[in-house]
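S.K.: Here the numbering used here = 1-based position in the sequence shown + 2. All C-beta atoms, glycine included, are put in the ideal place defined by N, C-alpha and C. Quantities reported herein were computed from a predicted structural model and do not represent experimental measurements.
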Amino acid sequence: MKAVEIKNLTIRFDDFTAVDKVSLEIEEGKIYGLLGPNGAGKTTIIRAISTLIEPSNGSIKIFGTNVAEHPGDVRKTIGLAGQYAAVDEALTGLQNLEMVGRLYHLPSKLVKQRSLEILQRLSLTDAAHKRVKTYSGGMRRRLDLGASLIGHAKFVMLDEPTTGLDPRTRNELWSIIREIQKEGSTILLTTQYLDEADTLADTIGIIDKGKKVAEGTATSLKNKLGGNVIQFSVKASQDKVQKLVPAAEFSKLDETWRLKADKDGARDLVKLATLFDKQKIKVEELGIRRPSLDDVFLELTGHTAEDQVVKPAKAKKRRRR
Ligand SMILES: Nc1ncnc2c1ncn2[C@@H]1O[C@H](COP(=O)(O)OP(=O)(O)OP(=O)(O)O)[C@@H](O)[C@H]1O
Ligand SMILES: [Mg+2]
C-alpha cells in the first residue's frame, strides 16, 4: 500500500489556479521532497492533505483512506509542522508539546513522557521550562517539528522546515528529519533549497506555478541533463570570453562561466585551458562537475528555485547549462 496517493489534485481560489492537476505517490517509509519557488503551490498542497482546505478537483488518499470521505481518520494519522511556527509564545516549550498531545487525546502521563523525550532529542531540554517568547528562530522551528512528532504520526508533513535558519541549525534539523524517517514515518517535505531536497529526499517532485514539472531521484533528475558542466572564471572582459567561447554562459549569481560539456568533458577542459593559455588569459578557476539540481531546475523552468521574481523570457536567454 502507498502511504500517500494524490491524483489530479487541483485547487482554485476564485479564478486563480494555485495547484493544477498534481499527481504524486509516496511509498511508505520514504521522504518525498516537493521543491519549488515562492508561490509554487507547496503550502496549498499540504493544506489540502491536512484537510484544512477542500480540493476543487482530484483525490487524496493517506494509507488508502480518502481524505475527503474520512477527514477525521486521516487527521489521526498525520503530523504537521507548518511553514510559520505555530507555537504559543506565552507557554513554555514543554507546555506547548503537552497541549498538542492533549489535542491527540493521548493519556496525560504518556504526553508528559513523550514531550520530555522529544525536547531532549531536539536539544531543547534546557529550554523546556522557558517561555517560547524567549526562544530563537531555530529553537522555535525545532519545537514546531517536535509538535509534529507527539502523535507518533505515520505520515509527517514538514513545510519548509529550515527556511531562514543558519547552516548549523539546518544540519541539526536534517539529522532529526532522517531520524524520524528511520523510526518508520513517511515524510512529505517542502523546500525551496535544492541542496535540502538533494540531501534528504528519496524522490523529488519539482513544482512550478502549480504544476509538477518533473519527478525522480536527485540522480535521475541530474542525469536528464546528460553530460557534465564546465565552470570557469578568467581574468578577461565578458565580451572577449563570449567571442572566444560562444557556447559559454555567464552566471551573474556567482560571476563564473558555465559550459555544457560532453559525457566526460576532459577534452573540452583541455581545449579551454590551451585556448586561454594561447590568448595569455589568466585562469582563476577551471573545473568540471556533474550537473546540480540547480542546473536541472533552471533547465526545466527557466528560473532558479530561489528566484522571487519570475522572468521566463530573460532567464531563458541567460540560461545556465
Ligand atoms: N487562500 C488563498 N486565496 C487566494 N490565493 C491563495 C490562497 N492561498 C494561496 N494562494 C495563492 O496560491 C499560490 C500558491 O501559494 P502557496 O502558499 O501554496 O505557495 P508556496 O509554494 O507555499 O510558496 P512559499 O514558498 O512562498 O511558501 C500563491 O500565488 C498564493 O498567493
Ligand atoms: Mg509555502
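Relative to ligand 2, is the shortest distance from any of its heavy atoms to the C-beta of Asp297 smaller than 7 Å?
M.R.: Checking every heavy atom of ligand 2 against the Cβ of Asp297, none is found closer than 7 Å.
S.K.: What are the boundary residues of the beta strand (DSSP E) that Thr171 is part of?
M.R.: Per DSSP, Thr171 belongs to no beta strand (DSSP E); it is in the alpha helix (DSSP H), 169-184.
S.K.: Check each candidate in Leu145, Phe65, Met141 and name the one with the smallest Cα separation from Met101.
M.R.: Checking every option, the nearest Cα to that of Met101 belongs to Leu145.
S.K.: Closer than 5 Å between the C-beta and any heavy atom of ligand 1: which residues qualify, listed along the chain?
M.R.: After applying the 5 Å Cβ criterion, the set is Phe15, Ala20, Asn40, Gly41, Ala42, Gly43, Lys44, Thr45, Thr46.
S.K.: Quick check: is any heavy atom of ligand 2 less than 7 Å from the C-beta of Glu162?
M.R.: Yes, Cβ of Glu162 sits closer than 7 Å to a heavy atom of ligand 2.
S.K.: Would you mind giving the Cβ-Cβ distance between Val158 and Gly81, rounded to the nearest angstrom? I have them listed as a contact below 8 Å.
M.R.: About 4 Å separates the two Cβ atoms, so the contact holds.
S.K.: Taking all protein chains shown into account, do 16 or more other C-beta atoms lie within 10 angstroms of the C-beta of Val272, making it buried, or fewer, making it exposed?
M.R.: Label assigned to Val272: exposed.
S.K.: Using only CA atoms, which one of Asn40, Asn59, Ser294 lies nearest to Val24?
M.R.: Answer by Cα proximity: Asn59.
S.K.: Out of Gly66, Ser222, Ile47, Lys254, which has the shortest C-alpha to C-alpha gap to Ile209?
M.R.: The candidate whose alpha carbon is nearest that of Ile209 is Ile47.
S.K.: Looking at chain C, is there any beta carbon in it that lies within less than 8 Å of the beta carbon of Pro57?
M.R.: Within the model displayed, chain C is absent; a lone protein chain is all it includes.
S.K.: Could you give the uninterrupted runs of the beta strand (DSSP E) lying entirely in the region 137-167, keeping only those of 3 residues or more?
M.R.: 157-161, all fully within the region 137-167.
S.K.: How far does the alpha helix (DSSP H) with Val69 in it reach, from first residue to last?
M.R.: Note, Val69: premise wrong, no alpha helix (DSSP H); not H, not E.
S.K.: Quick one: using the 10 Å Cβ neighbour count with 16 as the cut-off for buried, is Asn230 buried or exposed?
M.R.: Buried, by the Cβ-count rule.
S.K.: Using three-state DSSP, classify Ala275 as helix, strand or coil.
M.R.: Of the three classes helix, strand and coil, the one that applies to Ala275 here is helix, per DSSP.
S.K.: Quick check on Glu257: buried or exposed, where buried means 16 or more other Cβ atoms within 10 Å of its Cβ?
M.R.: Looking at its Cβ environment, which holds fewer than 16 other Cβ atoms inside 10 Å, Glu257 is exposed.
S.K.: Of the choices Gly140, Lys63, Pro109, whose alpha-carbon is the least far from that of Val89?
M.R.: With distances taken between Cα atoms, Val89 lies closest to Gly140.
S.K.: With distances taken between CB atoms, is the gap from Leu227 to Asp297 smaller than 8 Å?
M.R.: Closer than 8 Å, so yes.
S.K.: For the alpha helix (DSSP H) containing Thr94, list its first residue and its last residue.
M.R.: Note, Thr94: premise wrong, no alpha helix (DSSP H); not H, not E.
S.K.: Tell me the rounded alpha-carbon separation between Phe18 and Gly41.
M.R.: Answer to the nearest angstrom: the Cα atoms are 12 Å apart.
S.K.: Based on Cα-Cα distance, which residue from Tyr106, Pro163, Asp75 lies nearest to Ile178?
M.R.: Residue Pro163 is the option with its Cα nearest to Ile178.
S.K.: Would you call Leu160 buried or exposed, if buried means 16 or more other Cβ atoms sit within 10 Å of its Cβ?
M.R.: Buried, since its Cβ has 16 or more Cβ neighbours within 10 Å.
S.K.: List the endpoints of the continuous alpha helix (DSSP H) containing Lys284.
M.R.: Taken as a continuous stretch (DSSP letters only), Lys284 belongs to no alpha helix (DSSP H), being part of the beta strand (DSSP E) at 284-291.
S.K.: Are Leu274 and Leu288 close, meaning C-beta to C-beta below 8 Å?
M.R.: Contact: yes.
S.K.: Residues in its own chain within less than 7 Å of Thr171 by CB, not counting five upstream and five downstream?
M.R.: Gly140.
S.K.: Measuring only the C-alpha atoms, how far is Thr337 from Gly35?
M.R.: Since the first and last residues shown for the chain are 3 and 323, residue 337 lies out of range.
S.K.: Report the rounded CA-to-CA distance for Ala249 versus Ala50, giving the unit in angstroms.
M.R.: Rounded to the nearest angstrom, the two C-alpha atoms are 44 Å apart.
S.K.: Measuring CB to CB, does Val21 end up less than 8 Å from Gly43?
M.R.: Contact flag set, yes.
S.K.: For Ile182 and Asp270, what's the separation of their Cα atoms in angstroms?
M.R.: Approximately 44 Å between the Cα atoms of the pair.
S.K.: Would you call the region 97-115 in contact with the region 146-153, where contact means no fewer than 3 C-beta pairs closer than 8 Å?
M.R.: Yes: the two stretches touch, three or more of their Cβ pairs being nearer than 8 Å.
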